[in-house]
Every structure is written in C-alpha cells, then in structure tokens.
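**Q** All residue numbers for the sequence shown refer to the UniProt record's numbering, where the first residue is 1 and numbers rise by one. This structure is in structure tokens; I'll ask about it shortly.
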Amino acid sequence: MRKLVILLGLLMASLSALGADMSNGANNFYKSEKVTMTKVTFNNQYQMKTAGNLFVPKDLKPGSKSAAIIVGHPMGAVKEQSSNLYAQKLAEQGFVTLAIDLSFWGESDGQPRNAVSSEIYAEDFSAAVDYLGTQTFIDRNRIGVLGICGSGSFVISAAKIDPRMKAIATVSMYDMGAANRNGLKHSVTVEQRKQAIAAAAEQRYVEFIGGETQYTSGTVHELTDKSNAIEREFYDFYRTPRGEFTPKGQSPLLTTHPTLASNTKFMNFYPFNDIETISPRPMLFIAGENAHSREFSEEAYRLAGQPKELVIIPGAGHVDLYDRVDLIPFAKLTSFFQTNLK
Numbered sequence: 001m002r003k004l005v006i007l008l009g010l011l012m013a014s015l016s017a018l019g020a021d022m023s024n025g026a027n028n029f030y031k032s033e034k035v036t037m038t039k040v041t042f043n044n045q046y047q048m049k050t051a052g053n054l055f056v057p058k059d060l061k062p063g064s065k066s067a068a069i070i071v072g073h074p075m076g077a078v079k080e081q082s083s084n085l086y087a088q089k090l091a092e093q094g095f096v097t098l099a100i101d102l103s104f105w106g107e108s109d110g111q112p113r114n115a116v117s118s119e120i121y122a123e124d125f126s127a128a129v130d131y132l133g134t135q136t137f138i139d140r141n142r143i144g145v146l147g148i149c150g151s152g153s154f155v156i157s158a159a160k161i162d163p164r165m166k167a168i169a170t171v172s173m174y175d176m177g178a179a180n181r182n183g184l185k186h187s188v189t190v191e192q193r194k195q196a197i198a199a200a201a202e203q204r205y206v207e208f209i210g211g212e213t214q215y216t217s218g219t220v221h222e223l224t225d226k227s228n229a230i231e232r233e234f235y236d237f238y239r240t241p242r243g244e245f246t247p248k249g250q251s252p253l254l255t256t257h258p259t260l261a262s263n264t265k266f267m268n269f270y271p272f273n274d275i276e277t278i279s280p281r282p283m284l285f286i287a288g289e290n291a292h293s294r295e296f297s298e299e300a301y302r303l304a305g306q307p308k309e310l311v312i313i314p315g316a317g318h319v320d321l322y323d324r325v326d327l328i329p330f331a332k333l334t335s336f337f338q339t340n341l342k
C-alpha cells in the first residue's frame with residue numbers, strides 16, 4: 001500500500017509539473033560557462049561534514065587573493081536550489097563563491113535527515129569561513145555571506161558572533177524563529193503554538209523507542225481548489241521542473257519537510273536579538289514588494305545598526321527572488337559586495 005501511495009504521489013507531481021511557471025527568466029539550474037565548479041567538503045566545529053559547491057572565475061589571475069562569498073539555500077532546500085544560481089552569477093563578477101548544504105540537508109552530514117538545529121546551521125556558515133579563509137587564493141579579510149529565505153536568519157545569527165564575515169546580505173529572508181512562534185503577520189496564537197510543541201514532544205517518545213519519524217510543514221505535494229497563494233507559490237518552485245531537486249538516496253516525498261520532533265527548536269531561535277551589534281559591518285536586506293515574507297526583512301532593517309540598506313523589488317514575490325533572473329538584483333548584490341569586500 002505504501003509503495004502505491006508513493007507512486008501515485010509521484011505521478012500527481014509529474015502531471016502537475018507540466019504547468020511550471022518559467023516567466024521572468026526563471027533559471028534555477030543555470031550553468032555558467034565563465035566559472036569552474038568543484039565539489040568540496042569540510043568539517044564544522046562539531047566534526048560534521050559540510051558539503052559545498054565552490055565556484056571560481058575562469059579568469060582568476062594565478063597567485064591572486066580573491067574576495068569570497070558564502071551562499072546559503074532556502075530553509076528546506078539544498079544548494080542546488082537557488083544557491084547555485086546566486087553563487088554562479090556572483091562568481092561571474094569576479095568573486096570566489098561557495099554554495100553550501102546546511103547540516104542535515106543535501107550532501108552534508110547529520111542525522112536524522114531534515115532535522116532542525118538553528119545553532120548548527122549558523123555554525124555551518126562559520127565553518128565555511130574556516131574553509132575559505134585557509135585557501136591560498138582567498139583573502140580571509142574579504143569574506144561575505146548571503147542567505148536566501150531561512151538562511152537569511154541563519155547568516156545573521158552567525159555574523160553576530162563571527163566578525164570574520166565582513167558583509168552580510170539576505171534575500172527573501174524568513175526569520176525562522178518568528179515564523180514558527182507567531183506565523184506570518186502574527187497569525188498563530190499562543191494556544192496553537194503550545195499545541196504544536198505538545199505534538200512534537202509526544203513524537204519524541206515514538207522516535208525514542210524506534211518508531212517512524214514524522215515530518216511537518218514544507219511544500220505540499222499536490223494542489224487543490226483549497227490551496228492558498230503561498231502554497232501555490234512554493235509548489236511551483238519545489239514540485240515542478242522549475243526547481244525540483246531530490247538529493248541522491250532521498251525520497252521526493254520528504255524534500256522540504258523538517259522532522260516534526262525537531263521543528264519546535266525554532267521556537268527558541270531569535271536571530272534579530274542584538275542584530276545591531278553586527279555594526280559597523282554593512283548589511284543589505286532584499287525583499288520582493290509582494291513577498292509574504294517582506295515583514296521579516298523590514299523588521300531586521302529596523303533593528304540593525306548602520307550601515308544598512310533595505311531594497312524592495314517592485315512586482316516580486318517571495319519565491320520570485322529564488323530564480324527569476326529578470327527580477328533578482330544581481331547588480332545591487334555585486335556592487336554591495338564589491339564596495340564592502342575591497
């Protein structure tokens with residue numbers, strides 16, 4: 001029966017995938033002819049392997065020391081979704097870039113798969129600085145970070161305690177703590193929060209004695225006439241050829257879904273606390289005019305110290321800035337990092 005359910009789910013997904021919206025230059029799987037890609041691995045401070053794709057401009061002068069940018073993927077995604085695109089586009093502008101898989105996701109270590117740990121996610125960015133800062137062709141004093149969606153909040157968390165990150169940018173940022181505690185626009189009540197916490201706590205008993213792991217949230221696997229706009233927006237990226245990617249050895253039924261028992265750890269995640277202490281290192285927040293997540297970039301900008309900048313992209317939604325190259329402000333990101341990683 002379970003095999004039948006899986007096959008039906010895959011069939012539904014493949015049929016729905018035919019309607020992928022490829023407008024505004026959607027190009028998640030972009031391959032640049034101007035850069036070389038090398039798969040790399042390195043350990044974070046907890047001796048967990050972090051996997052990444054290293055992009056180096058083909059015209060990088062031998063013996064030079066380059067500025068570098070670490071790129072973090074959306075929450076629930078992997079480096080092949082959005083991160084590789086951003087990393088290549090920035091590498092085309094002369095930076096060495098590194099798109100990483102967060103721990104528990106993609107090709108990086110961590111069990112169970114899809115577990116939530118905001119502290120370890122932030123550590124992965126510091127570990128990426130360790131790696132880049134010890135390469136002979138990198139200037140360790142010119143390393144920046146870029147976080148997309150949930151990684152926006154993780155790079156802020158990391159930068160607060162890692163001054164080696166000299167410039168911090170976020171795109172379509174989600175504050176994963178506030179989103180789980182309060183919902184969008186504070187739509188989740190305290191009672192609803194307590195119910196989610198109670199369900200996760202009970203699930204720990206199940207898994208402790210060897211029961212089946214349960215998953216939560218993430219992107220729906222089929223649309224109905226009751227699907228809301230946000231579900232449709234994520235579905236069009238994660239469940240169609242536009243952006244669907246299943247890491248080797250994993251099931252497409254589990255992609256984007258964190259484990260139920262660990263997801264409540266986000267309730268204790270407050271990335272914007274003390275964000276002003278990142279100053280005087282510069283911060284850039286980019287969000288779509290119509291993004292359902294816009295509130296998080298605006299709040300971070302309000303609380304951050306100087307120098308800071310908030311850029312709102314006209315007509316863009318949240319997921320639009322994952323891969324729609326006609327909307328993504330690559331020129332702005334390039335100038336931000338060129339100016340601040342001199």
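No residue lacks a Cβ here, since even glycine has one placed at the ideal position from N, Cα and C. Please read these numbers as outputs of a predicted model, since none were measured by experiment.
Tell me whether M75 sits in a helix, a strand or coil according to DSSP, three-state version.
**A** The sequence position of residue 75 within the sequence shown is 75, counting from 1. Reduced to three states, the DSSP call for M75 is coil.
**Q** Excluding the five sequence neighbours on either side, which residues of its own chain have a C-beta within less than 8 Å of the C-beta of K166, listed in chain order?
**A** Within the sequence shown, the letter at position 166 stands for residue 166. Taken in chain order, the residues that qualify are N141, R142, I143, G144, R281, N340, L341.
**Q** Can you list, in chain order, the residues of its chain with a C-beta nearer than 6 Å to that of L284? Leave out the 5 residues immediately preceding and following it.
**A** For this step, residue 284 is matched to residue 284 along the sequence shown. So the qualifying residues of the chain are A169, E309, F336.
**Q** In three-state DSSP terms, what is residue 344?
**A** This structure cannot settle anything about residue 344, because the visible part of the chain is limited to 1 through 342.
**Q** Give the DSSP-derived three-state secondary structure of G52 in the structure shown.
**A** Here residue 52 corresponds to residue number 52 of the sequence shown, with the count starting at 1. DSSP places G52 in strand when its eight states are reduced to three.
**Q** So, is Y205 buried or exposed, given that buried needs 16 or more other C-beta atoms within 10 angstroms?
**A** Looking up residue 205 in the sequence shown gives position 205. Looking at its Cβ environment, which holds fewer than 16 other Cβ atoms inside 10 Å, Y205 is exposed.
**Q** Would you check if the distance between the CB atom of L253 and the CB atom of I275 is smaller than 8 Å?
**A** On the sequence shown, position 253 is the one that residue 253 refers to. On the sequence shown, position 275 is the one that residue 275 refers to. No. Outside cutoff.
**Q** Residues in the same chain with beta-carbon distance under 6 Å from M1, minus the five sequence neighbours each way, listed in chain order, please.
**A** Against the sequence shown, residue 1 aligns to sequence position 1. Residue confidence for M1 is low, a pLDDT of 39 falling below 50, so the modelled location carries little weight; the figure read from the coordinates is stated next. Taken in chain order, the list of residues that qualify is empty.
**Q** Would you kindly work out how many angstroms separate the C-alpha atoms of F330 and G52, rounded to a whole number?
**A** Locating residue 330 in the sequence shown gives position 330, counting from the first residue. Locating residue 52 in the sequence shown gives position 52, counting from the first residue. Their backbone Cα atoms lie some 21 Å apart in a straight line.
**Q** List the whole-angstrom C-beta distance separating residue 348 from E92, where the pair is believed to meet the contact cut-off of C-beta under 8 Å.
**A** The structure shown does not extend to residue 348, since the chain is modelled only from 1 through 342, so no value can be given for it.
**Q** Please name the residue in F95, P62, A77 whose C-alpha comes closest to that of I69.
**A** As a first step, residue 69 must be located in the sequence shown, where it is residue number 69. Out of F95, P62, A77, F95 has the C-alpha closest to the C-alpha of I69.
**Q** Considering Cα atoms alone, identify which of A158, I138, S153, Q111 is closest to S126.
**A** If you number the sequence shown from 1, residue 126 lands on position 126. Here the closest residue by C-alpha is A158.
**Q** Starting from R164, follow the alpha helix (DSSP H) in both directions and report where the run begins and ends.
**A** For the purposes of this step, residue 164 is identified with residue 164 of the sequence shown, where counting begins at 1. No alpha helix (DSSP H) holds R164; DSSP gives it neither H nor E.
**Q** Taking 6 Å as the limit between beta carbons, can you name the residues of its chain near D21, skipping five residues before and five after?
**A** Numbered from 1 along the sequence shown, position 21 holds the residue referred to as residue 21. For D21, where only same-chain residues beyond five positions count, the Cβ hits under 6 Å are D236.
**Q** State the Cα-Cα distance for the pair H318 and E231, rounded to the nearest angstrom.
**A** Counting from 1 along the sequence shown, the entry for residue 318 is found at position 318. Counting from 1 along the sequence shown, the entry for residue 231 is found at position 231. Their backbone Cα atoms lie some 12 Å apart in a straight line.
**Q** Quick check: the stretch 145-157 against the stretch 113-133, are there 3 or more CB pairs under 8 Å?
**A** The stretch 145-157, when compared against the stretch 113-133, does touch it at the 8 Å Cβ threshold.
**Q** Who are the near neighbours of F55 in its chain, counting only those whose CB is closer than 6 Å to its CB and skipping five residues on each side?
**A** To locate residue 55, count along the sequence shown from 1; it is residue 55. Excluding residues within five positions, the ones whose Cβ falls inside 6 Å are V35, M37, A87, Q88, A91, T97.
**Q** Is the beta carbon of F266 sitting closer than 8 Å to the one on V171?
**A** Translated into positions along the sequence shown, residue 266 becomes position 266. Translated into positions along the sequence shown, residue 171 becomes position 171. Against a cut-off of 8 Å, the Cβ pair of V171 and F266 comes out as no contact.
**Q** Going by DSSP, what residues sit across from residue 352 in a beta bridge?
**A** With the chain covering 1 to 342 only, the question about residue 352 has no answer from this structure.
**Q** Look up E309 in the DSSP assignment and say whether it is helix, strand or coil.
**A** Position 309 of the sequence shown, counting from 1, holds the residue named residue 309. E309 falls in the strand class under three-state DSSP.
**Q** Under a three-way DSSP split, which group does Y215 fall into?
**A** Looking up residue 215 in the sequence shown gives position 215. Residue state, collapsed to three classes: strand.
**Q** Note down, in chain order, each residue of its chain lying with its Cβ closer than 7 Å to the Cβ of S82, except the 5 sequence neighbours on either side.
**A** Counting from one through the sequence shown, the residue named residue 82 turns up at place 82. Counting only Cβ-Cβ distances below 7 Å, and skipping sequence neighbours, we find N28, H73, P74, I148, Y322, D323.
**Q** Taking the C-alpha atoms as reference points, what is the distance between S239 and S227?
**A** Along the sequence shown, one-based indexing puts residue 239 at 239. Along the sequence shown, one-based indexing puts residue 227 at 227. For the sequence presented, residue 239 should be read as Arg rather than Ser. Roughly 14 Å separates the two Cα atoms.
**Q** Can you grab the Cα-Cα spacing for the pair G315 / G288, in whole Å?
**A** Against the sequence shown, residue 315 aligns to sequence position 315. Against the sequence shown, residue 288 aligns to sequence position 288. Going from the Cα of G315 to the Cα of G288 covers about 7 Å.
**Q** Starting from M176, follow the alpha helix (DSSP H) in both directions and report where the run begins and ends.
**A** In the sequence shown, counting from the first residue as 1, residue 176 sits at position 176. Per DSSP, M176 belongs to the alpha helix (DSSP H) from 176-182.
**Q** How big is the Cα-Cα spacing for residue 349 and A291?
**A** Residue 349 lies beyond the range of the chain shown here (1 to 342); nothing can be said about it.
**Q** Report the three-state DSSP secondary structure of I209 (helix, strand or coil).
**A** Within the sequence shown, residue 209 is the residue found at index 209, counting from 1. Three-state result, I209: coil.
**Q** Ignore the nearest five residues each way along the sequence and tell me which others in Y215's own chain have a CB closer than 8 Å to its CB.
**A** Start at 1 with the first residue of the sequence shown, and residue 215 comes out as number 215. Cβ within range, chain order: N114, L254, H257, P258, T259, L260.
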